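Numbering (my numbering), first residue to last: 42 to 121.
Glycine included, each C-beta is placed from N, C-alpha and C at the ideal position.
In this text, all values refer to a predicted model and were calculated from it rather than measured experimentally.
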């Protein structure tokens with residue numbers, strides 16, 4: 042999983058955060074779970090509705106938006 046994350050981060054236009062989010066999408070939405078994927082994609086692999094990895098329906102999209110709004114109101118970043 043660390044190798045996948047490193048390879049994704051090396052793609053032009055990608056960085057560490059996008060690589061972690063894509064790795065979380067692969068694990069959460071598609072069941073592609075190489076050993077260590079949760080640690081390599083943290084914090085996006087947790088149970089918080091914080092990214093596209095947590096969106097599978099309109100309700101889940103609204104939950105992500107609400108979570109991000111609450112984080113912004115609390116002055117926190119999406120990785121906190």
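#### Entry: Own chain partners of residue 92 with C-beta closer than 6 Å, once the 5 adjacent residues on each side are dropped
Here the question's residue 92 lines up with position 51 in the chain shown. Hits under 6 Å: 62 and 85.
### Query
To the nearest angstrom, how far is it from the Cα of residue 70 to the Cα of residue 107?
Mapped onto the chain shown, residue 70 falls at position 29. Mapped onto the chain shown, residue 107 falls at position 66. Rounded to the nearest angstrom, the two C-alpha atoms are 20 Å apart.
### Query
Leaving out five residues before and five after residue 77 in sequence, what residues of the same chain have Cβ atoms less than 6 Å from its Cβ?
For the purposes of this step, residue 77 is taken as the residue at position 36 of the chain shown. Result list for residue 77: 42, in chain order.
#### Entry: Where residue 103 falls, given that 16 or more other Cβ within 10 Å makes a residue buried
As a working note, residue 103 is residue 62 in the chain shown. Within 10 angstroms of the beta-carbon of residue 103 lie fewer than 16 other beta-carbons, which makes it exposed.
### Query
When burial is assigned at 16 or more other CB atoms within 10 Å of the CB, is residue 60 buried or exposed?
On the chain shown, position 19 is the one that residue 60 refers to. It counts as buried.
### Query
At which residues does the alpha helix (DSSP H) containing residue 117 begin and terminate?
Here the question's residue 117 lines up with position 76 in the chain shown. Taken as a continuous stretch (DSSP letters only), residue 117 belongs to no alpha helix (DSSP H), as it is neither H nor E.
#### Entry: With 16 other Cβ atoms within 10 Å as the buried cut-off, status of residue 82
For the purposes of this step, residue 82 is taken as the residue at position 41 of the chain shown. By the 10 Å Cβ count, residue 82 comes out buried.
### Task
Please work out which residues of its chain come closer than 6 Å, Cβ to Cβ, to residue 111, disregarding the five sequence neighbours upstream and downstream, and give them in chain order.
Locating residue 111 in the chain shown gives position 70, counting from the first residue. Nothing listed; no residue qualifies.
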